[in-house]
Amino acid sequence: MGNLAVNKKATISIIIAMATFGTVGFVAPKTGLKAIDLVFIRCVFASIFLFSVWYFSGIVKKEIFNKKDITLSLFSGILLVLNWVFLFKSFENLSVTISVSIYYLAPVILFLLGSLIYKEKITLVPLLGVLSSFIGSILLSGINSDFTLDKFLSSGVIWAFLAAIFYGLLMIVNKGITQTSSYFTTLLQTTLGFLLLIPFVKFDSFQNLHLENWTFILIIGFVHTGVIYALFFGNIRFLPSNMIAVLTFLDPAVAIVLDTVITGFKPTPTQVIGIFMTFLGIALILLLNSPKKVSQNSNEKIAN
Numbered sequence: 000m001g002n003l004a005v006n007k008k009a010t011i012s013i014i015i016a017m018a019t020f021g022t023v024g025f026v027a028p029k030t031g032l033k034a035i036d037l038v039f040i041r042c043v044f045a046s047i048f049l050f051s052v053w054y055f056s057g058i059v060k061k062e063i064f065n066k067k068d069i070t071l072s073l074f075s076g077i078l079l080v081l082n083w084v085f086l087f088k089s090f091e092n093l094s095v096t097i098s099v100s101i102y103y104l105a106p107v108i109l110f111l112l113g114s115l116i117y118k119e120k121i122t123l124v125p126l127l128g129v130l131s132s133f134i135g136s137i138l139l140s141g142i143n144s145d146f147t148l149d150k151f152l153s154s155g156v157i158w159a160f161l162a163a164i165f166y167g168l169l170m171i172v173n174k175g176i177t178q179t180s181s182y183f184t185t186l187l188q189t190t191l192g193f194l195l196l197i198p199f200v201k202f203d204s205f206q207n208l209h210l211e212n213w214t215f216i217l218i219i220g221f222v223h224t225g226v227i228y229a230l231f232f233g234n235i236r237f238l239p240s241n242m243i244a245v246l247t248f249l250d251p252a253v254a255i256v257l258d259t260v261i262t263g264f265k266p267t268p269t270q271v272i273g274i275f276m277t278f279l280g281i282a283l284i285l286l287l288n289s290p291k292k293v294s295q296n297s298n299e300k301i302a303n
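As numbered in numbering that gives the first Met the number 0, residues 0 to 303 make up the sequence shown, in order.
Here it is in structure tokens:
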């Protein structure tokens with residue numbers, strides 16, 4: 000009965016976390032900041048929150064300061080910053096639906112890179128998943144008879160693809176982090192993030208912000224990055240990997256529903272097919288892959 004209660008609490012926590020992640024594309028424009036400035040301030044507030052949780056909860060006393068893990072955490076911090084910058088850049092140029100659909104190619108990229116690095120054999124079902132996602136992403140990107148490279152580069156699709164690539168690389172690197180806590184790892188990543196971005200931030204952009212803008216900045220920094228990370232990492236260990244994989248799809252599902260309801264976005268028939276094929280492919284890879292791999296993929300869901 001105790002385990003049932005724990006699993007129920009963990010399930011609700013993960014649902015809240017994933018549903019909240021799905022709203023970030025709508026909160027970002029309301030901050031009044033461009034991608035680099037927003038990622039900078041997000042890293043600052045997230046670092047404050049994560050340090051507070053890590054230190055005052057007592058996790059610091061049990062922390063294992065492993066040199067290899069710290070090195071990998073710092074490297075993954077660079078990948079995390081690039082991931083966030085490109086994701087928010089895509090939100091500036093694309094609808095949230097198209098951005099998140101392309102962005103969620105990350106598990107496909109992770110699967111392909113993992114198979115290459117670890118020399119794992121790709122079986123038929125995951126291969127069909129890769130093919131389905133690839134075709135779906137082409138349909139989503141709007142490639143047609145009047146396609147040009149300039150139009151592609153200016154469409155925002157390239158930013159979503161780059162965000163997906165760095166998300167996949169981030170998860171690959173995070174697999175090597177085995178001893179330090181998720182809170183300390185993410186704290187290192189966000190701290191390095193705002194330090195790296197200092198030379199590129201336009202600090203003048205913060206002077207003209209209104210109270211409403213700062214409210215949404217705080218929501219992204221503390222809620223989307225701090226509270227939700229704590230909910231996610233604090234509960235994934237209580238749920239089976241296949242359930243986590245299913246719940247992961249709440250993030251893009253919420254984003255797409257909100258995009259339709261709030262902004263009135265109406266995908267073309269081709270884009271609808273692209274969305275369906277993209278997520279079908281991801282589902283084939285996540286849900287029908289081995290439990291061990293699914294667990295690894297799901298446990299590293301930190302990019303949003």
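The beta-carbon is built from N, C-alpha and C at its ideal position, and this holds for glycine as well.
Can you look up P28 in the DSSP assignment and give me helix, strand or coil?
Here the question's residue 28 lines up with position 29 in the sequence shown. Looking at P28 - three-state DSSP - the assignment turns out to be helix.
Rank T30, T185, F55, D258 by C-alpha distance to the C-alpha of T224 and give the top, closest one.
Indexing the sequence shown from 1 puts residue 224 at position 225. Looking at the Cα atoms, T185 is the closest of the given residues.
Return helix, strand or coil for V200, following the three-state DSSP convention.
The residue given as residue 200 occupies position 201 in the sequence shown. V200: coil per DSSP, three-state reduction.
Excluding the five sequence neighbours on either side, which residues of its own chain have a C-beta within less than 8 Å of the C-beta of M276, listed in chain order?
As a position in the sequence shown, residue 276 is number 277, starting the count at 1. Cβ within range, chain order: S131, S132, I134, G135, L138.
Sequence-distant residues of its chain with Cβ nearer than 7 Å to L208 (five each side left out):
As a working note, residue 208 is residue 209 in the sequence shown. Counting only Cβ-Cβ distances below 7 Å, and skipping sequence neighbours, we find G31.
Rank I157, F278, I235, V124 by C-alpha distance to the C-alpha of L86 and give the top, closest one.
Taking the first residue of the sequence shown as 1, we reach residue 86 at position 87. The residue with the shortest Cα to Cα distance from L86 is I157.
4 or more residues per run - each alpha helix (DSSP H) lying fully within the region 76-121
95-102, 105-116
Quick check: the Cα distance between K60 and F50, rounded to an integer number of angstroms?
Your numbering for residue 60 matches position 61 in the sequence shown. Your numbering for residue 50 matches position 51 in the sequence shown. Spanning the two alpha carbons is a distance of roughly 13 Å.
Take L168 and list the residues in its own chain whose beta-carbon comes closer than 6 Å to its own, dropping the five residues that flank it on each side.
Locating residue 168 in the sequence shown gives position 169, where the first residue counts as 1. Closer than 6 Å at the Cβ level, and outside the excluded window around L168, lie L78.
Quick one: is V293 buried, meaning 16 or more other Cβ sit within 10 Å of its Cβ, or exposed?
The residue labelled residue 293 in the question sits at position 294 within the sequence shown. Below a pLDDT of 50, predicted positions are generally treated as unreliable, and V293, at 41, falls in that range; the measurement from the model is reported next regardless. Flag for V293 reads buried.
For I272, I'd like the list of residues in its chain whose CB is within less than 6 Å of its CB, leaving aside the five on either flank, ordered along the chain.
Here residue 272 corresponds to residue number 273 of the sequence shown, with the count starting at 1. Taken in chain order, the residues that qualify are L138.
Three or more beta-carbon pairs under 8 Å between the region 30-49 and the region 99-115, yes or no?
no
Suppose you measure from the CA of T10 to the CA of L196; what does that come to, to the nearest Å?
Counting from one through the sequence shown, the residue named residue 10 turns up at place 11. Counting from one through the sequence shown, the residue named residue 196 turns up at place 197. Distance between the alpha carbons of T10 and L196: 36 Å.
On the CB-based measure, 16 or more other CB atoms within 10 Å of its CB, does I218 come out buried or exposed?
As a working note, residue 218 is residue 219 in the sequence shown. Buried, because 16 or more other Cβ atoms sit within 10 Å of the Cβ of I218.
Which of helix, strand or coil DSSP assigns to N173:
Working through the sequence shown from its first residue, we reach residue 173 at position 174. Residue state, collapsed to three classes: helix.
Using the three-state DSSP reduction, which class does K33 fall into: helix, strand or coil?
Taking the first residue of the sequence shown as position 1, residue 33 is located at position 34. In the structure shown, K33 sits in coil (DSSP, three-state: anything other than H, G, I, E or B).
For L191, does the three-state DSSP call read helix, strand or coil?
Stepping through the sequence shown from its first residue, residue 191 is reached at position 192. Three-state DSSP puts L191 in a helix.
Can you tell me which of F232, S75, V245 puts its alpha carbon nearest to the alpha carbon of S181?
Locating residue 181 in the sequence shown gives position 182, counting from the first residue. Comparing Cα-Cα distances from S181 to each of F232, S75, V245, the minimum goes to F232.
Look at the alpha carbon of N65 and the alpha carbon of I14, and state the distance between them as a whole number of angstroms.
Position 66 of the sequence shown, counted from the first residue, corresponds to residue 65. Position 15 of the sequence shown, counted from the first residue, corresponds to residue 14. Those two C-alpha atoms are separated by around 32 Å.
For S12 versus L230, is the C-beta distance shorter than 8 Å?
Position 13 of the sequence shown, counted from the first residue, corresponds to residue 12. Position 231 of the sequence shown, counted from the first residue, corresponds to residue 230. Yes; because the gap between Cβ atoms is below 8 Å, this pair is in contact.
Out of D203, N92, I97, point me to the one whose CA is closest to T267's CA.
Position 268 of the sequence shown holds residue 267. Among D203, N92, I97, the Cα nearest to that of T267 belongs to I97.
Three-state secondary structure assigned by DSSP to S56
Here residue 56 is taken as the residue at index 57 of the sequence shown, counted from 1. Coil at S56, not helix or strand.
Please classify S144: does DSSP put it in a helix, a strand, or coil?
By one-based count along the sequence shown, residue 144 stands at place 145. At S144, the pLDDT of 48 sits below 50, so the modelled position is not reliable and the matter cannot be decided from this model.
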